[in-house]
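Chemist:
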């Protein structure tokens with residue numbers, strides 16, 4: 060009898076294990092199905108919204124090799140090269156509010172078309188440039204396009220994603236950013252030929268926006284249902300939402316939407332009414348800025364320069380490619396699995412704690428004048444990987460989803476402006492800082508920034524995983540009361 064009982068218990072355990080395995084397999088299948096979308100319109104939205112990040116990433120990776128060739132071909136000074144590298148962030152900063160205004164006035168789809176035209180024109184101007192001013196103009200046009208595109212894309216993909224998979228869908232932006240960076244690194248090798256090699260490098264940057272612009276002509280690529288709803292076209296919004304997320308999800312989302320608030324003005328963005336609106340905007344802008352000034356926005360652009368202080372250019376390029384390739388691996392796991400499995404807040408805390416330690420170790424290695432391998436390279440690599448593990452994808456997801464719908468597009472624009480402005484200033488100052496305090500001092504400063512960010516996230520950033528966009532007000536103190544006040548105000 061005892062043997063029979065044990066046998067029955069073992070069968071029960073095996074059956075439960077099989078059921079659990081089937082459940083996990085089903086969930087994995089559902090995640091994969093959701094990733095490409097349950098319909099052709101959903102698939103179009105996933106593809107088109109990744110182009111802006113891909114274009115910016117390609118520019119970041121490409122400029123590290125192009126800058127050297129530009130200096131030789133156009134006889135540029137070090138100061139001119141620094142301006143070309145740093146001007147991109149300022150242009151992105153200027154383009155961000157333009158994207159928010161276009162997205163609210165024209166709709167997300169038309170605003171995307173305008174940004175892709177800017178990306179194409181900017182790349183072609185640079186490819187045909189004959190002087191410093193021509194290259195500068197192309198960089199500015201492309202930067203404005205990137206800034207506008209990031210604002211529009213973040214709002215659009217947040218608004219068309221089911222809440223269960225919103226982290227994956229929005230996290231694709233940072234994933235394709237890293238893909239673009241790595242493509243830029245690879246083409247730096249493939250097209251490194253005398254005379255016209257750099258022109259091919261920057262010209263290729265127009266290919267992806269051209270493809271996305273053609274896709275925007277497809278009638279199956281739908282406008283954001285939330286924007287359509289805010290314009291008073293409820294029936295059209297309901298029809299588009301069902302095509303994007305399915306009938307069941309659309310029914311739930313429409314119930315949660317209720318009566319939409321009117322789009323806010325820039326005055327309301329700068330000084331939003333209600334405690335939770337102010338708190339959500341403050342947290343969102345801080346996270347967006349932190350994701351750029353934590354060190355990644357500078358070290359990615361100047362990675363070759365940093366490595367070249369200890370090794371030759373060939374070895375520096377090889378090490379840069381290694382960092383880019385490993386970031387793709389980590390980014391894939393985080394964007395497609397962890398961001399919705401673990402949640403946004405834990406990933407940010409792990410990233411900022413790990414980044415503080417890695418940058419501190421890098422600073423110590425440079426202070427001690429240790430060898431590049433392994434003492435400088437490994438902690439530097441660890442910083443890049445831990446960023447891609449958490450703060451990289453989360454910085455695209457979290458800020459957009461915690462803000463109210465009427466505030467979202469302009470709020471994302473504000474965060475982009477602040478972050479890019481600070482990052483551009485740091486990038487322009489970087490060569491002078493290397494002379495003044497050395498790489499040890501620079502990495503120590505970045506470690507301090509990450510430690511401040513860690514404290515802020517721990518104290519002020521609530522978890523948003525699993526909440527619909529209409530439930531975000533409950534995450535902040537006094538959120539329920541402010542939501543009721545906001546409803547009365549809108550009524």
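Numbering (my numbering), first residue to last: 60 to 550. Even for Gly, the Cβ is constructed at its ideal location relative to N, Cα and C. This one's a predicted model, so the numbers in the text were calculated from it and none came from an experiment.
Does the separation of the CB atoms of residue 283 and residue 462 fall below 8 Å?
Modeler: no
Chemist: Does DSSP put residue 297 in a helix, in a strand, or in coil?
Modeler: helix
Chemist: Would you say residue 450 and residue 519 are within 8 Å of each other, going by their C-beta atoms?
Modeler: no
Chemist: Given this structure, state the Cα-to-Cα distance separating residue 562 from residue 380, to the nearest angstrom.
Modeler: Nothing can be reported for residue 562: it is not among the residues displayed for the chain, which extend from 60 to 550.
Chemist: Identify every run of the alpha helix (DSSP H) within the region 432 to 457, keeping only runs that are complete inside it and at least 4 residues long; order them along the chain.
Modeler: 436 to 448
Chemist: Can you check whether the C-beta of residue 192 is within less than 8 Å of a C-beta belonging to chain C?
Modeler: Any reference to chain C falls outside this structure, which holds one protein chain only.
Chemist: For residue 182 and residue 264, which I take to be in contact (beta-carbon distance under 8 Å), what is that distance rounded to the nearest angstrom?
Modeler: 4 Å
Chemist: To the nearest angstrom, how far is it from the Cα of residue 535 to the Cα of residue 521?
Modeler: 7 Å
Chemist: Could you check what DSSP says for residue 180 in three-state terms: helix, strand or coil?
Modeler: helix
Chemist: Taking one C-beta from the region 505 to 520 and one from the region 406 to 420 each time, how about it: are there three or more such pairs within less than 8 Å?
Modeler: yes
Chemist: Please report the straight-line C-alpha distance between residue 470 and residue 494, rounded to a whole angstrom.
Modeler: 37 Å
Chemist: Which of the three DSSP states is assigned to residue 533 in this structure?
Modeler: helix
Chemist: In whole angstroms, what separates the C-alpha of residue 481 from that of residue 307?
Modeler: 43 Å
Chemist: Can you tell me whether residue 330 is buried or exposed, with buried defined as 16 or more other CB within 10 angstroms of its CB?
Modeler: Exposed, because fewer than 16 other Cβ atoms sit within 10 Å of the Cβ of residue 330.
Chemist: Tell me which same chain residues have a C-beta within less than 8 Å of the C-beta of residue 278, skipping the five on either side of it?
Modeler: none
Chemist: Using a threshold of 8 Å, state whether the C-beta atoms of residue 302 and residue 107 are closer than that.
Modeler: no
Chemist: Which runs of the alpha helix (DSSP H) fall wholly inside the region 361 to 424 and span at least 4 residues, in chain order?
Modeler: 362 to 367, 372 to 392
Chemist: If we ignore side chains and look at the alpha-carbon of each, how far apart do residue 501 and residue 134 end up?
Modeler: 29 Å
Chemist: Determine the closest residue to residue 273 out of 103, 350, 444, 336, with distance taken between C-alpha atoms.
Modeler: 103
Chemist: Measure the alpha-carbon distance for residue 141 versus residue 168 and round it to whole angstroms.
Modeler: 35 Å
Chemist: Using the rule of at least 16 other Cβ atoms within 10 Å of the residue's Cβ for burial, across every protein chain shown, is residue 371 buried or exposed?
Modeler: exposed
Chemist: Which of the three DSSP states is assigned to residue 103 in this structure?
Modeler: helix
Chemist: Please report the residue range of the alpha helix (DSSP H) in which residue 344 lies.
Modeler: For residue 344, the enclosing alpha helix (DSSP H) stretches over residues 334 to 352.
Chemist: Quick one, which of 533, 266, 305 has its alpha-carbon nearest residue 333's?
Modeler: 533
Chemist: Can you say whether residue 77 is buried or exposed, counting buried as having 16 or more other CB atoms within 10 angstroms of its CB?
Modeler: Bear in mind that a pLDDT of 43 at residue 77, under 50, signals an unreliable position, so the number given afterwards is only what the model happens to contain. Per the 10 Å Cβ criterion, exposed.
Chemist: So which of 489, 213, 479 has the shortest CA-CA distance to residue 162?
Modeler: 213
Chemist: Residues in the same chain with beta-carbon distance under 6 Å from residue 503, minus the five sequence neighbours each way, listed in chain order, please.
Modeler: 422
Chemist: Kindly list the residues whose CB is nearer than 7 Å to the CB of residue 184, restricted to its own chain and excluding five residues on each side of it in sequence; keep chain order.
Modeler: 193, 196, 197, 200
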